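Note that the sequence shown covers residues 0 to 77 in numbering that gives the first Met the number 0.
Using N, Cα and C, we set each Cβ at its ideal position, and we do this for glycine too.
Being a predicted model, the structure only gives us computed values, none of them experimental.
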Amino acid sequence: MCPEQQVYLDFRQAEGEQEPVPIGWVRTMEDIYRFEPVPPELTPEEARHVLGAQANSWSEVMDSQDRRDYQTFPRLAA
């Protein structure tokens, strides 16, 4: 499971001018931490097929390793 609205780490971490190249929605560490990868509408039989979650970090607007690190951590740990 890797829905764009919850686990795309190239999206902004906060509102404000200090955020580099504001793309997508704001996704705070708390937003990502609270993401439940198993949708509540699944039956237990269906839910057992969800093996985990994946977080994406698209780098087309990240021009340096520092920028990639800033966008990814610590949210990846959530």
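Quiz item: Taking the DSSP output, what are the residues bridged to residue 32?
Solution: Paired residues: none, contrary to the question.
Quiz item: Are there 16 or more other CB atoms within 10 angstroms of the CB of residue 32, so buried, or fewer, so exposed?
Solution: A residue is called buried when at least 16 other Cβ atoms come within 10 angstroms of its Cβ; residue 32 does not meet this threshold and is exposed.
Exercise. Check whether the Cβ atoms of residue 12 and residue 20 lie closer than 9 angstroms to each other.
Key: Cβ distance not < 9 angstroms, so residue 12 and residue 20 don't count as in contact.
Quiz item: Which residues in the same chain as residue 30 place their Cβ atom closer than 8 angstroms to its Cβ, once the five residues preceding and following it in sequence are excluded?
Solution: So the list reads 5, once near-sequence residues are dropped.
Quiz item: Going along the chain, which residues of its own chain have a beta-carbon closer than 6 angstroms to the beta-carbon of residue 8, five neighbours each way excluded?
Solution: Here the set comprises 54, 56, 70, 71, 74.
Quiz item: Rounded C-beta distance between residue 60 and residue 0? I'm assuming under 8 angstroms.
Solution: Actually they are not in contact, since the Cβ atoms of residue 60 and residue 0 sit about 24 angstroms apart, beyond 8 angstroms.
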